[in-house]
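One structure is given here, and the rest of the page talks about it.
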Amino acid sequence: MRLQNTFGRSLVAVRNWPVFTDVVIGACGLAIFLGMIRMGTYWLASPMPAATISHSVRALPLYAFYSIVRIGIAYLFSLVFAVAYGYIAAYNPRVEAWMIAVLDILQSIPVLSFLPGVMLAMMALVPGHQLGIELGSILLIFTGQVWNMAFSFYSSLKSIPREMIEAARIYRYSAWQRFWQLEMPFAAIGLIWNSIVSVAGGWFFLIACEMFPLGNRFFRLPGLGSYLQTAASADPVDMHALLWGLAVLVLIIVATDQLLWRPLIAWSDKFKFEQVESATRVTSPLLAIFHRSSTLLRLPARLWVSLDERVCKELSAQQSHRAMRPLDDDRVSNGRMLQVGLGIFGALLAIWGGTAALHLLHGVTRGDLRLLLLGAAATFLRVNAALALAAAWTVPVGVMIGFNPRLARILQPVTQVVASVPATALFPVLLVGLTRLGGGLGVGSIALMLLGTQWYILFNVIAGAMAIPSDLKEAAALYRFTRWQRWRTLILPGIFPYLITGLVTASGGAWNASIVAEYFHIGDQTLQTLGLGAQISAATDSGRFAILLLATVLMALMVVTVNRLVWRRLYRLAETRYKLEG
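In this note's numbering, the protein residues as written are 567 to 1148.
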């Protein structure tokens, strides 16, 4: 008589490999350390403004490494700035309007408008080393990444449910406890998805940040962006090198999605504000492997717990001696002094800047002003056309991806790859196709703006759809809402704050993309069309800093006016009528 196997597979412990996982993590740490040594050696070398770019495939790994480091450091700077700026703006009513206005202005300034000041300042700050030029390139990438992250974090803080704020005040949470246990978890989903689109934006502007003229000097840094641009600008176009460069770029983006963004999205899913646990969860195999690592589970946990306990104990002791303020009391300690100080500083800065600008604009003619105004009108129409086309397809597709985790696992890396591929590298092919269809650069610039800005809306809509509580979705299904009722009462109100954030940042991104959409180098030719972005790029190439300053100021004024008349009112509506309450 034989005994049958009575053990089910569900009762057998899952086999893991903690030692192997720790070895792999240790190898990754060693690789990072060696990479830091390599970058330190390169940065401390003598400055090399115009590096020779090899089109050999063997040079691609080193160029890709340089570009990854630049984008990674720029992203870390962007994350710290976005969190700090959004936090100060959200919790200081006296300076909130000023800070959001400044953020509106900064996000509307094209990357190339920051170029002269940033590059000259960094080269003067670190003379005699390559580090100065590298810091200038990193800060240029920073200006293309940071603004939508700051808007996202600010919008999330303003949308925290009232009862959660009341609970934090009743339990007398310190600012440290409230930040890590309420504000960061609530903002995590939107911040992660905006980080994805920020890094995609960094890849989009990589060519402009690694290869650019400045007056009578030309800068070309070794990197993937310079590799793609030199391959696209060769006469004839080096399609072999261009395809290899795009293949490496796609490989980097897919690896970043699987190794970084997908684990972060799966981790942030636990921060959804819902009362019923969702039946479908976002998963990540890499995150599951990390959970089996004894090194990652024990060492960081012990360090963080010990630090958190000490900080919380000290802050709680200070908090216990303070009186609890009412929820509607928006007083800020020393707020009036801060406002007066900022006002004085802003007035002095405006006087100095106005004097310098008037001296610089002395040689601008009426013909230049007329051309700038016509270009501003043309770019304004192109920006709005690109926004309308982007919203028409990103809203339904973003909701579909956000509501279906299985579909998200398939389409998420695909959208990241398409969003991150520099459209300027594909623009020669796009331009040839539009020319054969009877279009020109005027239509092609709208297509290029669309390629660079539609992702801001898409990723924010995905984040908003994923943040809708599961119990509301189940209630809509239980009451058998029609498709129209579901969109009107659940989906559009649920994604509205995220949608407005996406539209605001997409608008600023479209104005930024105009500098590469309306003015393009192909081979030994320069193609341009009437537009404000084209005049900014042309002024940068020719060193006409007066036109560059005037065009930048005009673009900033137009963007700020639209934001104040349209987007700020929609932001206020999102904070009041469409704020999620328990």
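Glycine included, each C-beta is placed from N, C-alpha and C at the ideal position. Remember, it's a predicted structure, so these values are computed and weren't measured experimentally.
Note the first and the last residue of the continuous beta strand (DSSP E) segment covering Thr-618. That residue, Thr-618, is in no beta strand (DSSP E); it is neither H nor E in DSSP.
Three-state secondary structure assigned by DSSP to Leu-1096: Here DSSP, grouped into helix, strand and coil, assigns Leu-1096 to coil.
Nearest CA to the CA of Leu-642: which residue from Val-712, Trp-664, Ser-612? Comparing alpha carbon positions, the residue from Val-712, Trp-664, Ser-612 closest to Leu-642 is Val-712.
Between the C-alpha atoms of Ala-1104 and Ala-690, what's the straight-line distance to the nearest angstrom? Their backbone Cα atoms lie some 25 Å apart in a straight line.
Let me confirm a value: Val-1128 is counted as buried when at least 16 other C-beta atoms fall within 10 Å, else exposed. Which label applies? Around the CB of Val-1128, 16 or more other CB atoms lie within 10 Å, so the residue is classed as buried.
With a threshold of 7 Å on Cβ separation, who are the neighbours of Pro-1059 within its own chain once the five nearest residues in sequence on each side are excluded? Excluding sequence neighbours, Pro-1059 sits near Tyr-1144.
Rounded to the nearest angstrom, how far is the Cβ of Pro-779 from that of Thr-1106, given a contact under 8 Å? Going by Cβ atoms, the distance from Pro-779 to Thr-1106 rounds to 7 Å, so yes, they are a contact pair.
Simplified DSSP assignment, three categories, for Pro-779: Of the three classes helix, strand and coil, the one that applies to Pro-779 here is strand, per DSSP.
Contact set for Gly-652: own chain, Cβ-Cβ below 7 Å, skip 5 residues either direction: Closer than 7 Å at the Cβ level, and outside the excluded window around Gly-652, lie Ala-716, Phe-719, Tyr-720, Leu-723.
Among Pro-962, Met-1124, Val-1126, whose alpha-carbon lies nearest the alpha-carbon of Arg-1052? The option with the nearest alpha carbon to Arg-1052 is Pro-962.
Let me know if Leu-669 comes out buried or exposed under the rule of 16 or more other beta-carbons within 10 Å of its beta-carbon. It is buried - the Cβ of Leu-669 has at least 16 other Cβ atoms within 10 Å.
According to DSSP, is Tyr-1144 helix, strand or coil? Three-state result, Tyr-1144: coil.
Identity of the residue in Gly-601, Trp-827, Lys-836 nearest Arg-636 by Cα: For Arg-636, the closest alpha carbon among the candidates Gly-601, Trp-827, Lys-836 is that of Gly-601.
Using the Cβ count rule (16 or more neighbours within 10 Å means buried), how would you classify Phe-784? With a 10 Å radius around the Cβ and a threshold of 16 neighbouring Cβ atoms, Phe-784 comes out exposed.
With a threshold of 16 other CB atoms inside 10 Å of the CB of Phe-1068, please say whether the residue is buried or exposed. Here residue 1068 turns out to be Gly, not Phe, going by the sequence shown. Here Gly-1068 is buried, its C-beta having at least 16 other C-beta atoms within 10 Å.
Is Ala-1079 near Leu-1098, with beta carbons less than 8 Å apart? The answer is no: Cβ separation not under 8 Å.
With distance defined between alpha-carbon atoms, name the residue in Pro-1063, Gly-1109, Leu-812, Ala-974 nearest to Asn-782. Looking only at Pro-1063, Gly-1109, Leu-812, Ala-974, the smallest Cα-Cα distance to Asn-782 is reached by Gly-1109.
Assuming the contact rule is C-beta atoms closer than 8 Å, Ala-1112 and Val-930 should be a hit. Round their C-beta distance to whole Å, please. 5 Å between Cβ atoms; contact.
In the DSSP assignment, find the alpha helix (DSSP H) that holds His-806 and state where it starts and stops. 805-822 is the span of the alpha helix (DSSP H), which, as asked, contains His-806.
Here's a check: name, in chain order, each residue in its chain whose Cβ is nearer than 7 Å to the Cβ of Tyr-608, leaving out the five neighbours to either side. The answer, listed in chain order, is Gln-696.
For Phe-771, which three-state DSSP category applies? Phe-771: coil per DSSP, three-state reduction.
Just to confirm before moving on: does the CB-CB distance between Gly-1030 and Gln-673 stay below 8 Å? Result no, Cβ atoms of Gly-1030 and Gln-673 do not sit closer than 8 Å.
Arg-786 - partner residues in DSSP beta bridges: Per DSSP, Ala-616, Met-777.
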